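Letter by letter, the sequence shown follows residues 35 to 546 of my numbering. A quick write-up on the structure given underneath.
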Amino acid sequence: MAERYNPYNKISGKDYGSSAAIGFGAYAYSPFTLALGSHAKASASSATAIGPEALSSGNTSLAIGRQAAAIADFAQAIGNVAAATNKGTLAIGHSATATGFRSIAIGSANIKNVSTIDQDVKFQSEDNTLSSGEDAIAMGSGAQAAKDYTLALGAFSKALALDSMAIGKNAQAIADNAIAIGNGASATKTGGTALGMNARVLTENSIALGINSVTSSALGDAYLTKQPLSSVRGVVSIGTPEQLRRIQNVADGAQDSDAATVAQLKAATSSVINTGQLDNILSLAKDYTDHKISQVTTVSNQNPANISNDINKLNNGSAGMFQVNQNETTTAPQPSAPGSVAGGSGAVASGNHSTAIGNHAQARAENSVALGESSVATRNNSVSIGSVGHERQISNVAAGVADTDAVNVSQMNHALNKIGHNISHLNRKINDIEDNSNAAIASAIAMANLPQPMNAGDGGLTMGFGTHRGESGYAVGYSVASNKGSWVFKAAATGNTQGKFGAGAGEFIKLH
Numbered sequence: 035m036a037e038r039y040n041p042y043n044k045i046s047g048k049d050y051g052s053s054a055a056i057g058f059g060a061y062a063y064s065p066f067t068l069a070l071g072s073h074a075k076a077s078a079s080s081a082t083a084i085g086p087e088a089l090s091s092g093n094t095s096l097a098i099g100r101q102a103a104a105i106a107d108f109a110q111a112i113g114n115v116a117a118a119t120n121k122g123t124l125a126i127g128h129s130a131t132a133t134g135f136r137s138i139a140i141g142s143a144n145i146k147n148v149s150t151i152d153q154d155v156k157f158q159s160e161d162n163t164l165s166s167g168e169d170a171i172a173m174g175s176g177a178q179a180a181k182d183y184t185l186a187l188g189a190f191s192k193a194l195a196l197d198s199m200a201i202g203k204n205a206q207a208i209a210d211n212a213i214a215i216g217n218g219a220s221a222t223k224t225g226g227t228a229l230g231m232n233a234r235v236l237t238e239n240s241i242a243l244g245i246n247s248v249t250s251s252a253l254g255d256a257y258l259t260k261q262p263l264s265s266v267r268g269v270v271s272i273g274t275p276e277q278l279r280r281i282q283n284v285a286d287g288a289q290d291s292d293a294a295t296v297a298q299l300k301a302a303t304s305s306v307i308n309t310g311q312l313d314n315i316l317s318l319a320k321d322y323t324d325h326k327i328s329q330v331t332t333v334s335n336q337n338p339a340n341i342s343n344d345i346n347k348l349n350n351g352s353a354g355m356f357q358v359n360q361n362e363t364t365t366a367p368q369p370s371a372p373g374s375v376a377g378g379s380g381a382v383a384s385g386n387h388s389t390a391i392g393n394h395a396q397a398r399a400e401n402s403v404a405l406g407e408s409s410v411a412t413r414n415n416s417v418s419i420g421s422v423g424h425e426r427q428i429s430n431v432a433a434g435v436a437d438t439d440a441v442n443v444s445q446m447n448h449a450l451n452k453i454g455h456n457i458s459h460l461n462r463k464i465n466d467i468e469d470n471s472n473a474a475i476a477s478a479i480a481m482a483n484l485p486q487p488m489n490a491g492d493g494g495l496t497m498g499f500g501t502h503r504g505e506s507g508y509a510v511g512y513s514v515a516s517n518k519g520s521w522v523f524k525a526a527a528t529g530n531t532q533g534k535f536g537a538g539a540g541e542f543i544k545l546h
């Protein structure tokens, strides 16, 4: 046997017997092997097989339990029909299976429907704990870590793609680099992250944050910017179309791609146009025209000279319901384009079907409207109530109803307040996650500080305590060392101030 001593154990195996087989049909093939139990077999150097039909065929391998199999170098299988089949693997629990290089599988198969245990109870390939990828880790009943560098933690959790991670009961990460954390969380697309109970990621490189949150694909162009949504790398969802959430405590955005706050949105709503006032103006113009026609009809039997005088007054705007101040020089309005209307001294409607109302108002574009003195409309299908440097406010705006209605400040504030509420709720969720994380770290600190037996044959209960960023954790463990110091077993349970609990176990076996 090679001279590779444990620095903590100076006993030399060459000074003692080389192998031992105890039990009917037990067989210890190689030096320094131990076979204990009916038909137990230890067939490689320093292998240990303990239990009926236990098999340890890898160098320094360990198999403990009925038909437990450790068939690769440094493999360890502990539990009824547990199997560790690749180098450096660890399988603990009924039917637990570790087949990937250096992988770990800890947990029992689903035995809910198994009422009795007898000699006919076989290996359960369905819902068994399985780690089949390199450096994969599966912990929990029925947990599966199927690809390289995966982690499945929790009952029936599944990490089935490269570098994926599933944490929580029934959590599933089934695409490369996907992460699912929370009971029932699911990340089914590459690069997806689902965080929260039943959160689901259905689009690549996306994030679903919060209970029942779901991501979805978007088609077409972005609102206002018209940016093709196909160029977007992913989405972040904090709810569903039926269950919306607010995002709170957001700083004012600075870059074009930053989120905007309610305060910024309020500042951007100072120039909203009320189309209802335009309807009132057009109705007023119609009433005025009808009134003038009525006046002409009424005087049809009067003196022609009087009629001519009244017509001149109407033309000059000095009589009737729509009049113009006569104390300054006026210029005739110019409706110069087809279907255009101009009203007011010097008003010009030069765009097809345009309307200019007000002294020196100008409607230059097609279907444009210019309202008020010196107002200028230069874009097609637009309404202007001022000009550059001489803008006007619109007041007494009713609340909009249809998609194309103008909104007032009250509506805008209500919408922005709703966004602020969702932001606040999300912040609380994030704070909860931070508290749970800090508590988990405190639990880890507590477990890490559990004392270890110092001498061979020692054993007993241990306790530890940890704290991290305002959260506390505690741990209680049991540790025992063999009389000769050839192995050490340790098990521990932990809890924290967030009401979360965990457990773990470990074993040290002297190999050299």
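Every residue, glycine too, gets a C-beta built ideally from N, C-alpha and C. Being a predicted model, the structure only gives us computed values, none of them experimental.
Neighbour-count burial assignment, residue i, 16 or more Cβ in a 10 Å radius
| i | result |
| --- | --- |
| Q153 | Unreliable positioning characterises Q153 in this predicted model, as indicated by a pLDDT of 43, which lies under 50. A coordinate reading is not provided. |
| A482 | exposed |
| A509 | buried |
| N40 | With a pLDDT of 49 at N40, under the threshold of 50, the modelled position of this residue cannot be trusted, and the question is left open. |
| K181 | buried |
| I151 | Reliability of the predicted coordinates at I151 is poor, the pLDDT of 46 falling under 50, and the value obtained from them is presented with this limitation in mind. Classification for I151: exposed. |
| A526 | buried |
| I241 | buried |
| E276 | exposed |
| I56 | exposed |
| Q396 | buried |
| L185 | buried |
| H394 | buried |
| R413 | exposed |
| K524 | buried |
| Q101 | buried |
| N308 | Low per-residue confidence applies at N308: pLDDT is 44, beneath 50, and the placement is therefore not dependable, though the value from the model is reported in the following sentence. By the neighbour-count rule (16 or more Cβ atoms within 10 Å), N308 is buried. |
| P86 | buried |
| L187 | buried |
| A472 | In the sequence on display, residue 472 carries Asn and not Ala. When all chains shown are included, N472 counts as buried. |
| R503 | exposed |
| M497 | exposed |
| A534 | Position check: residue 534 holds Lys in this sequence, whereas Ala was assumed. Under this definition K534 is an exposed residue. |
| S388 | buried |
Integer-rounded CB distance, given that residue j should sit under 8 Å from residue i
| i | j | result |
| --- | --- | --- |
| A195 | A177 | With 8 Å as the limit, A195 and A177 do not qualify as a contact, their Cβ atoms being about 15 Å apart. |
| S64 | S72 | With 8 Å as the limit, S64 and S72 do not qualify as a contact, their Cβ atoms being about 20 Å apart. |
| A193 | A179 | 5 Å |
| S166 | G134 | 5 Å |
| Y463 | G122 | The question names Tyr, but residue 463 is Lys in the sequence shown. So it is not a contact: roughly 39 Å between Cβ atoms. |
| S95 | Q110 | 7 Å |
| A237 | T249 | Contrary to the premise, residue 237 reads as Thr rather than Ala in this sequence. Their Cβ separation, rounded to whole angstroms, is 5 Å, which keeps T237 and T249 in contact under 8 Å. |
| A212 | S191 | Incorrect: roughly 13 Å between the Cβ atoms, too far for contact. |
| A117 | A103 | 5 Å |
| A81 | L70 | Wrong, their Cβ atoms sit about 12 Å apart, outside the cutoff. |
First through last residue of the alpha helix (DSSP H) which encompasses residue i
| i | result |
| --- | --- |
| S72 | Careful: S72 lies outside any alpha helix (DSSP H) and carries neither H nor E. |
| G277 | The residue you asked about is not Gly; residue 277 is Gln in the sequence shown. Where Q277 is concerned, there is no enclosing alpha helix (DSSP H), given that its DSSP letter is neither H nor E. |
| A301 | 296-301 |
Element boundaries [beta strand (DSSP E), containing residue i]
| i | result |
| --- | --- |
| L484 | Run containing L484: none; DSSP gives neither H nor E here. |
| Q261 | Neither: Q261 is in no beta strand (DSSP E) and is coded neither H nor E. |
| A111 | 110-112 |
| V403 | 403-405 |
| A55 | 53-56 |
| E400 | That residue, E400, is in no beta strand (DSSP E); it is neither H nor E in DSSP. |
| L124 | 124-126 |
| E238 | Looking at the DSSP string, E238 is not in any beta strand (DSSP E), and its letter there is neither H nor E. |
| L96 | 96-98 |
| E425 | Here E425 belongs to no beta strand (DSSP E), and DSSP marks it neither H nor E. |
| V375 | 375-377 |
| F66 | Run containing F66: none; DSSP gives neither H nor E here. |
| E541 | 535-543 |
| I84 | 82-84 |
| I391 | 389-391 |
| A440 | First-last for A440: undefined, no H or E at that position. |
| A285 | That residue, A285, is in no beta strand (DSSP E); it is neither H nor E in DSSP. |
| I245 | Element bounds for I245: n/a, residue is neither H nor E. |
Short CB-CB distance (under 8 Å) between residue i and chain B
| i | result |
| --- | --- |
| A482 | Among the chains in the structure shown there is no chain B, since it carries only a single protein chain. |
**OP:** Mind listing, in chain order, the continuous beta strand (DSSP E) runs of no fewer than 3 residues lying wholly within the segment 500-531?
**Re:** 505-515, 521-530
Subject >> Start-end ranges of the beta strand (DSSP E) lying completely within the segment 150-230, minimum 3 residues >> reply: 171-173, 185-187, 199-201, 213-215, 227-229
Original post:
Are three or more beta carbon pairs between the segment 477-496 and the segment 445-465 nearer than 8 Å?
Top reply: no
Original post:
Between the segment 132-147 and the segment 159-175, are three or more C-beta pairs nearer than 8 Å?
Top reply: yes
Original post:
Just checking, does the segment 417-427 make contact with the segment 435-447 on the three C-beta pairs under 8 Å criterion?
Top reply: no
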